[in-house]
Structures are given as C-alpha cells and as structure tokens.
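Here's the structure, in structure tokens; my notes come after.
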Amino acid sequence: MNKLVKDALVLTCITLVAGFALGLVYEITKAPIEKAHQDAMKEAYSSVFADAASFAEIEDFDSSAATDYVNEAGYGTETIDNCVEALDASNNVIGYVLTVTTSAGYGGNITFSVGITNDGIINGYSITDISETAGLGMKAKDTGDGSFSAQFINRAAEIFTVTKTGASSSSEVDAISAATVTSRAMTGGINACVTYFESIVGGASNE
C-alpha cells in the first residue's frame with residue numbers, strides 16, 4: 006500500500022511539473038508566435054495591395070456576421086476571418102483586404118487574403134496557410150505568368166467558376182492541372198470575398 010501511495014505521489018509530482026513546464030513554454034512562445042502571425046498577415050496585405058500606404062482595422066467588423074452573410078449567399082465552406090481598409094498616404098480608403106478560410110481544400114483548410122480596390126478590381130491573393138498536395142494543389146501558391154494565381158490579378162471582381170477545358174469568358178478560370186478540388190476551394194474563397202466586398206461597397210453607397 007505504501008508503495009502504491011508513493012508511486013501515486015511521484016506520478017502526481019511529475020504531472021504537475023510537466024504541466025507547469027508546458028504552461029511556461031506556452032507563455033514564452035505565445036508572444037513570438039503572435040508576432041510571427043501578425044507579420045505574415047501584414048506581408049499578405051502588402052502583397053495584395055502594393056499601392057496602400059497603410060492598413061486599418063474596420064472598427065465594427067464582425068467575423069461571425071460576415072461569415073453568416075457569405076454562407077447565406079451559398080458559400081458554406083468559407084469563413085470571412087477579417088477585413089481591413091487599404092489606405093493611401095492621405096488616409097483615404099482605396100480598397101479592402103479580406104482574409105478568408107475555406108475548408109474545401111483537398112488537404113484541409115486554406116487561409117488567404119484578397120485585395121480588392123474601390124473600383125472593384127482584384128489585385129490578387131496571398132496564401133498564409135495551406136496543406137495541399139506538393140506539386141499539385143500547392144501550385145495555388147505559385148506566382149508569375151501562367152500560374153493559377155495570376156488569373157486573379159487585375160481582374161474585375163465577379164463570381165468565378167472553374168473550368169478544365171480552357172477559360173472562355175471573363176467569369177471563368179482555368180483549374181490547376183490535376184488539382185481541381187484545390188482550384189475550386191480557392192475560387193470559392195475568392196467568390197466569398199467578392200460577395201462580402203459587394204456588401205461593403207453597397208452599404209457605403211447607401212449611407
């Protein structure tokens with residue numbers, strides 16, 4: 006009996022020490038992890054809105070309400086995580102950067118930011134989190150001529166569809182070869198951003 010009690014006390018002590026150590030590691034790493042996340046987001050914002058001098062949080066932005074809005078519009082696998090204003094050097098709003106997460110990726114969630122000007126022109130997208138198949142879905146991160154992402158640069162903001170037979174209209178985009186699921190997930194996320202952007206612009210014009 007004494008041995009059992011002693012063993013139990015030892016295990017309890019080990020558990021307490023391990024828990025304390027994990028808590029300490031979390032507190033030490035929390036700030037650097039948060040800073041790295043914020044730096045990644047700022048880089049993504051700048052990538053999709055190079056003309057912006059700065060970015061400002063929208064004071065009354067509600068991620069849940071924004072997500073409900075796009076879900077009701079038919080984008081049930083998308084979450085609007087954030088939306089910030091893109092400002093010029095005089096602090097005038099020249100557009101918005103929307104951050105979306107789609108759960109429709111082949112490898113799970115994909116999070117990316119999309120820049121859209123006040124005139125309704127998409128500047129492109131920047132992925133901050135993706136776990137698609139190397140050499141296939143991961144090509145969604147590729148940039149440059151002929152890449153999937155290039156199709157969304159300087160493009161009028163509208164609802165897009167994915168085709169595997171060659172885009173033949175302004176609303177079509179070519180799928181990544183052998184990665185249609187990823188292509189549709191990315192396009193669905195962009196469509197959700199366009200849908201929410203239109204609600205912002207429409208609301209502003211009606212004020």
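The numbering used here puts the sequence shown at residues 6 to 212.
All C-beta atoms, glycine included, are put in the ideal place defined by N, C-alpha and C.
CA nearest to the CA of residue i, picked from the options
i: valine 199; options: Val105, Ala55 and Leu92; result: Val105
i: methionine 46; options: Ile158, Phe117 and Glu90; result: Phe117
i: glycine 112; options: Ile205, Ala55 and Ala139; result: Ala139
i: asparagine 97; options: Thr148, Thr122 and Arg160; result: Thr122
i: alanine 115; options: Leu14, Tyr201 and Gly194; result: Before going further, note that residue 115 is isoleucine rather than alanine in the sequence given. If we check each option's Cα against that of isoleucine 115, Gly194 comes out closest.
i: alanine 162; options: Leu103, Gly142, Glu137 and Glu64; result: Leu103
i: valine 119; options: Ser108, Arg160 and Ala183; result: Arg160
i: glutamate 203; options: Ala71, Glu48, Asp147 and Leu141; result: Ala71
i: serine 59; options: Ala145, Asp93, Glu77 and Phe66; result: Asp93
i: glycine 151; options: Asp179, Ala190, Ile164 and Arg189; result: Asp179
Terminal residues of the beta strand (DSSP E) in which residue i lies
i: aspartate 86; result: 83-92
i: alanine 61; result: 59-62
i: asparagine 159; result: First-last for asparagine 159: undefined, no H or E at that position.
i: serine 68; result: No beta strand (DSSP E) holds serine 68; the alpha helix (DSSP H) holding it covers 68-77.
i: threonine 104; result: 98-110
i: aspartate 179; result: 177-179
i: phenylalanine 117; result: 113-122
i: aspartate 150; result: Segment: none, aspartate 150 is in no beta strand (DSSP E) and carries neither H nor E.
i: threonine 133; result: 126-134
i: threonine 168; result: 166-168
Distance between beta carbons of residue j and residue i, contact taken as under 8 Å
i: threonine 187; j: glycine 110; result: 6 Å
i: isoleucine 181; j: phenylalanine 157; result: Wrong, their Cβ atoms sit about 13 Å apart, outside the cutoff.
i: tyrosine 101; j: cysteine 88; result: 6 Å
i: alanine 216; j: isoleucine 85; result: The question about residue 216 has no answer, for the chain in this structure spans 6 to 212.
i: glutamate 83; j: threonine 107; result: 5 Å
i: alanine 57; j: isoleucine 99; result: 7 Å
Rounded separation between residue i and residue j - CA only
i: lysine 169; j: glycine 79; result: 22 Å
i: alanine 91; j: leucine 27; result: 39 Å
i: threonine 192; j: threonine 20; result: 47 Å
i: alanine 155; j: alanine 23; result: 49 Å
i: glutamate 48; j: tyrosine 130; result: 12 Å
i: alanine 209; j: lysine 146; result: In this prediction, alanine 209 scores a pLDDT of 48, lower than 50, which makes its location untrustworthy; no coordinate-derived value is stated.
i: isoleucine 63; j: serine 69; result: 14 Å
i: serine 52; j: valine 206; result: 22 Å
i: glutamate 177; j: serine 136; result: 25 Å
i: aspartate 65; j: leucine 14; result: 52 Å
i: glycine 149; j: phenylalanine 54; result: 17 Å
i: phenylalanine 25; j: isoleucine 132; result: 35 Å
i: leucine 141; j: threonine 185; result: 9 Å
i: asparagine 211; j: alanine 190; result: Any answer about asparagine 211 is weak, because its pLDDT of 41 lies below 50 and its placement is not dependable; what the coordinates show is given next. Their backbone Cα atoms lie some 32 Å apart in a straight line.
i: leucine 16; j: leucine 9; result: 10 Å
Between the stretch 116-126 and the stretch 168-183, are three or more C-beta pairs nearer than 8 Å? When C-beta atoms of the stretch 116-126 are compared with those of the stretch 168-183, fewer than three pairs fall below 8 Å, so the two segments do not count as touching.
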